[in-house]
Structures are given as structure tokens and as C-alpha cells.
Amino acid sequence: MTPLRLGPSDNLAPVLALLRDSFATMDGRIDPPSSLTRMGVAELAAEATRAELWILPPDSAPAACMLLAPRDDHLYLGKLAVAAARRGEGLARQMVGQAETRALAHGLREIRLQTRVELVENHATFTRLGFVEVGRTAHPGFDRPTSVTFARRL
Numbered sequence: 001m002t003p004l005r006l007g008p009s010d011n012l013a014p015v016l017a018l019l020r021d022s023f024a025t026m027d028g029r030i031d032p033p034s035s036l037t038r039m040g041v042a043e044l045a046a047e048a049t050r051a052e053l054w055i056l057p058p059d060s061a062p063a064a065c066m067l068l069a070p071r072d073d074h075l076y077l078g079k080l081a082v083a084a085a086r087r088g089e090g091l092a093r094q095m096v097g098q099a100e101t102r103a104l105a106h107g108l109r110e111i112r113l114q115t116r117v118e119l120v121e122n123h124a125t126f127t128r129l130g131f132v133e134v135g136r137t138a139h140p141g142f143d144r145p146t147s148v149t150f151a152r153r154l
């Protein structure tokens, strides 16, 4: 399966459904709540104009998705999601491979992502995918770290 890039004019409702389903496990576990709770199709379309939106496979019910945004010194990988029924098939690894390809195409030698402090299972997954923790940050109004930043050098 080859990832497919979507744009703001594509049907993004299935991608939003995948994101909502995948991120639903965070409800009640993270503080502050995910920005995804405020995202609709219009907001996802706006994101797809500012970042590259990729899905896998390219059909009406994507099994995985992610957003990629080139920054000055790295490629930011956001909103990585894999459908619950497809977990364990290596799809996250395939999407990270696509992120690596895109980073190199942009002349960037590092991929970064963030996950919430509470989501230790995500920390383990990203470590298995070759990422290392490089920092922690706090959302506005919090006096403790709320997010962990991971990086993978290429």
C-alpha cells in the first residue's frame, strides 16, 4: 500500500472520523483536552492547506493518517492515527517511513512529534519506531509538562 496525499478539496470526513475514533481513548486521560475535540471537516481542510495530509490506504475508509509540516530544521509529524482494527499490521511504521521520505524531500534530517505525558503507550510505540525523547513542554496555563517531544534523526 502506498500512502496517498489528500488536499483540502478531498472528502475529509472519513479522515476526521478516523482521527476522532483513534483519539477517543484520550478522553478523560489528558489535560488539557485534545484540540481534536474542536476540529471539524472545515478545520481539517484548513490544516491540509498548511500541512501535508497523508492517508493509507487510499480509499473511502483510511486505515491510517498523519499530517506533516516542514519547519526550519525538522519535519513535524502530527495527528498520526491508525484504525483500531488495523493496529499491529505495521501501518504506523509505514507512515513514519513516508514521513522520512518527505523529510528528505524537503532537505530535512529530523522528524519530530509530540504526545501527551499521560499516553505512555504512545511513548513506547514511538521509541520502537526509532524516536527518542528530546524535551517536555507545558500548555498555556499549566505549571507542569503536558507534552513530550520525540525526535528521530535521519
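Read in the UniProt record's numbering, the sequence shown has 21 at position 21, and its numbers run on one by one without any break. Positions of the beta carbon are idealized from the N, C-alpha and C atoms, including for glycine.
In this structure, Pro32 is the residue among Pro32, Glu43 and Arg128 with its C-alpha nearest to the C-alpha of Arg144. If the five residues before and after Ala138 are omitted, its C-beta is found closer than 7 Å to the C-beta atoms of Arg144, Pro145 and Thr146, all from its own chain and listed in chain order. In the three-state reduction of the DSSP assignment, Gly97 falls in the helix class, which pools H, G and I. One alpha carbon belongs to Gln98, the other to Gly7, and they sit about 17 Å apart.
In terms of Cβ geometry, Leu75 and Leu68 form a close pair [threshold 8 Å]. If you draw a straight line from the Cα of Val96 to the Cα of Leu19, it comes to about 17 Å.
Annotation for Val41: Leu12, Ala13 and Leu16 place their beta carbon closer than 6 Å to its own, counting only its chain and skipping 5 residues before and after. Leu6: member of the beta strand (DSSP E) spanning Leu4 to Leu6, first to last residue.
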